[in-house]
Amino acid sequence: ELLGALGVVIPSRRFPFAFTRLARALSEVARVAPHLPAPTPPPKPPSLPAPAPSLVLEPPEPLRTQANLPDYPRAYRESLRDPEGFWGAWAEGFVWTEKWREVFSQEGGWFAGGRTNIALNALDRHLPERRNQVALITLDGEGRLEKWTYGELQELSARLAGRLRALGVRTGDKVAVYLPTGLEAALTLLALARLGAVHVALPVGLGAVPLRERLLDLKPRLLVAADAYFRRGQPVPLRPVVEEATRGLDLPVLWHRRSSSEFLEEALEGPPLDPEPVPANHPLFALYTSGSTGKPKGVVHVHGGYMVGVSWHLRHFYDLKPGEVFHTTADLSWIVGHSFGLYAPLLLGGTVFLSEDRPDHPSPAAFYQRMRALGVDVLLTSPTFLRALRQSGEARPTRLRLVYSVGEHLAPEVLLWSRAHLAHTVDHWWQTELGAPALGTPLTLPLKPGYAGVPLPGVEARVVDGLGQVLPPGEKGHLVLLRPFPSMAQSFLDGRPLFQGGVYWTGDLAEMDEEGYFRLLGRSDEEIKLGEHRFGTAELESALLTHPQVAEAAAVGVPGEEGEEVVLFVVPRRELPEEVKPLLAEKLRLHLMAQLGPLARAKRVEFVPSLPRTKSGKILRRLLKAQLMGLDPGDVSSLEDEYGGKTS
Ligand code: ATP
Ligand code: MG
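Sequential numbering from 190 applies to the sequence shown in full-length UniProt numbering.
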């Protein structure tokens, strides 16, 4: 079923056989170099001219010599050879009210037998040392900047937990959260975690119909909702949306009245509650995926493994040092916001900055100024935002030490721009399902622009064909993972496990080079077949982005007279006079073939003012495709509100 959903066709007769081969390849892994794959069959002759030798960048000093993960190959080897020892040692640093029986088991998951609470570890544990240290800096949509200490967050969330308990919320209950990024959202998530309740954040801006659908699907005990939020400095009312979505449902709503401080006052009325120790595999939250390729899927993360995983990554991959300020431009209601806008920074006793409005509101200059004034050291953002900064022109100095990009492929041009104007910039790959990074370039390894990086500790990644057979370096196929790691969800909301037959199909296309670096090529179900060759959308789009007149690009495959045809949607860097368009279109078609070979022949180029994106910043290619084909686009509930584009 899962494979079908991913568009992978496997004749059932051959299915078990394919996985025996996969398992055999797997058993060879222990013997090979840390990030190199198992020995695989001899490579087939490439069907395309080899790509130009790619650029390799050495991370500058002192990033390399002072990295929190000084010896990546060794850590990687250890994580596979002895996962119990590797993750167990990091887990020891947290408070467990009962110690786990085993670090991992197939049936029990991570840290089975252990009891803890992520809120206990994110707040209460730090109080003796950090009561007066700033934990959270918030900038609300009206420009109010506030700082909150560990002591304040602990007290406020403990009292809010008491208030929620009084409203009938119990351990294990699901509670929907429809709040903009900011203090109230952070407190609500922490209070629910404290109670052992399960938070399900739904991004504000989600319309009444999809909101109602999610609520019907979830059947939460309570909805915590804001009556408004701010976008581009303007208040956007939410009360009518919430009222319409909940009409006739037996669902109490706890309101955060955006224009008054009532929510906080209400929170302060509750008796402070201690964190409820829960089993390590007790659900902490469910979250829907971005919905880039279809209806969003609900994914469940748990207290123990998630806590251990996300904190490990913030320290060792994002390289956050004690005393530094971390910032993510992601909304708190997305996985990036949950993992690195809230839980991981607090678990490490760090300081995190969150902003309600767009990161470049009211201007890109304001973004640079904020980074400098707040002393942000490490930034986690998306390619969309980096592209927007690049597009806006003049960059200003910040104190950033590192920039990480996730969510979509980071084009080398944008990476190089960001590296020149912000700080050393690292692309990396993960998913809602994974909770934390899986592929990335550690600071001690050379960085290859265009590549998402190597498998991080605990991750065993392979590129396989549709039958699950491991492909040799240089061949593109489906990216699969062969073993779970702590931050990874075990199941979807409907109970379906992620791993089936020992394999997790990520739904992405990739290719691995001889040195074990992975390049992401697009989504499996958006692959475009041109003649004998299959192109990932990211391949075509990155090739287009190397043209100086292209700001953004989306490639879409549509059925044509002789098989599939590709249509390119291009946002030009400057507004184009009508008469120039045909000429530039032709130039871009030639440019694509020059980059990728004669098979990369585009049928048509459409110039558009913007691309439809999900609220988390990903191109919604299926909407473009539906528009081209005159079809119903399906569930577009995750479409960004600012998209006003038309395809004609
Ligand atoms: P849905 O699963 O509902 O279609 P989604 O996959 O967009 O939504 P997320 O979990 O937010 O939801 O996004 C994960 C996906 O984003 C990855 O599977 C991949 O397609 C893409 N992605 C993330 N990081 C990168 C990256 N560095 N390079 C290329 N693609 C990336
Ligand atoms: Mg996905």
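Backbone N, C-alpha and C define an ideal beta-carbon position, used for all residues, glycine too.
Alpha-carbon spacing of residue i relative to residue j, whole angstroms
i: Glu767; j: Phe796; result: 10 Å
i: Lys814; j: Ser731; result: 19 Å
i: Arg561; j: Leu589; result: 8 Å
i: Gly385; j: Gly297; result: 19 Å
i: His722; j: Ser680; result: 35 Å
i: His613; j: Gly663; result: 27 Å
i: Ser449; j: Gly494; result: 38 Å
i: Gly503; j: Asn257; result: Here residue 503 turns out to be Leu, not Gly, going by the sequence shown. Taking the straight line joining both Cα atoms gives about 10 Å.
i: Tyr557; j: Glu583; result: 10 Å
i: Thr735; j: Gly691; result: 39 Å
i: Trp444; j: Ala789; result: 53 Å
i: Trp619; j: Asn310; result: 24 Å
i: His780; j: Ile717; result: 18 Å
i: Ala475; j: Ala390; result: 8 Å
i: Gly396; j: Val430; result: 7 Å
i: residue 838; j: Pro399; result: This structure cannot speak to residue 838, because the chain is shown only from 190 to 837.
i: His490; j: Asn470; result: 8 Å
i: Val467; j: Leu605; result: 45 Å
i: Asp508; j: Ser500; result: 11 Å
i: Val525; j: Leu687; result: 19 Å
i: Pro441; j: Leu682; result: 22 Å
i: Gln784; j: Glu402; result: 44 Å
i: Leu378; j: Gly277; result: 26 Å
Contacting residues, own chain, Cβ-Cβ under 7 Å from residue i (five flanking each side not counted)
i: Lys807; result: Ser479, Ser481, Gly596 and Glu597
i: Tyr339; result: Leu312, His315, Leu316, Arg319, Arg320, Gln322 and Ala324
i: Arg352; result: Glu455, Ala456, Glu458 and Gly459
i: Val603; result: Pro572, Leu575, Arg576 and Arg579
Residue i CB to nearest heavy atom of the ligand ATP below 7 Å
i: Ile326; result: no
i: Ser805; result: yes
i: Thr517; result: no
i: Pro399; result: no
i: Val595; result: yes
i: Ala641; result: yes
i: Arg685; result: no
i: Leu599; result: yes
i: Arg811; result: no
i: Thr482; result: yes
i: Pro485; result: yes
Exposure label - residue i; buried when at least 16 CB within 10 Å
i: Leu237; result: Because Leu237 sits at a pLDDT of 42, beneath the cut-off of 50, its placement in the model cannot be relied upon, and the following sentence gives the value as read from the coordinates. Leu237 is exposed by the Cβ-count criterion.
i: Met818; result: exposed
i: Ser827; result: buried
i: Asp821; result: exposed
i: Val284; result: exposed
i: Ala355; result: exposed
i: Gly823; result: exposed
i: Pro272; result: buried
i: Ser346; result: buried
i: Val592; result: buried
i: Ser581; result: exposed
i: Gln343; result: buried
i: Pro232; result: Here Pro232 scores only 42 on pLDDT, less than 50, and its place in the model is too uncertain to base an answer on.
i: Glu741; result: buried
i: Lys288; result: exposed
i: Pro737; result: exposed
i: Arg290; result: exposed
The ligand MG heavy atom lying under 7 Å from the CB of residue i
i: Gln689; result: no
i: Ala696; result: It is Gly, not Ala, that sits at residue 696 in the sequence shown. For the ligand MG, at least one heavy atom lies less than 7 Å from the Cβ of Gly696.
i: Thr726; result: no
i: Gln580; result: no
i: Thr478; result: yes
i: Gln620; result: yes
Neighbourhood of residue i by C-beta, 6 Å cutoff - its chain only, sequence neighbours within 5 removed
i: Gly647; result: Ser268 and Phe674
i: Pro447; result: First, the amino acid is wrong: residue 447 is Arg here, not Pro. So the qualifying residues of the chain are Ala415, Asp416 and Ala417.
i: Val615; result: Tyr593 and Thr630
i: Arg348; result: Ala456, Leu457, Gly459 and Pro461
i: Leu372; result: Thr327
(request) Take every Cβ of the region 507 to 521, pair it with every Cβ of the region 536 to 545, and state whether three or more of those distances are shorter than 8 Å. (result) Judged by Cβ distances under 8 Å, the region 507 to 521 makes contact with the region 536 to 545, as three or more pairs qualify.
(request) Spell out a yes or no on whether the region 360 to 368 and the region 317 to 336 are touching, meaning 3 or more CB-CB pairs, one atom from each, closer than 8 Å. (result) With a cut-off of 8 Å on Cβ pairs, the region 360 to 368 is not in contact with the region 317 to 336, counting fewer than three such pairs.
(message) Pairs of beta-carbons, one from the region 691 to 699 and one from the region 452 to 464, closer than 8 Å: are there three or more?
(response) No: fewer than three Cβ pairs fall under 8 Å.
(request) Determine contact between the region 704 to 716 and the region 726 to 740, defined as no fewer than three beta-carbon pairs at a distance below 8 Å. (result) Yes: the two stretches touch, three or more of their Cβ pairs being nearer than 8 Å.
(request) Pair every Cβ in the region 563 to 578 with every Cβ in the region 518 to 531, then say whether three or more of these pairs are closer than 8 Å. (result) Per the Cβ contact rule, the region 563 to 578 is in contact with the region 518 to 531 (3 or more Cβ pairs under 8 Å).
(request) Evaluate contact between the region 626 to 642 and the region 482 to 489, counting only Cβ atoms and requiring at least three cross-stretch pairs below 8 Å. (result) Under the Cβ criterion (8 Å, minimum of three pairs), the region 626 to 642 does not count as touching the region 482 to 489.
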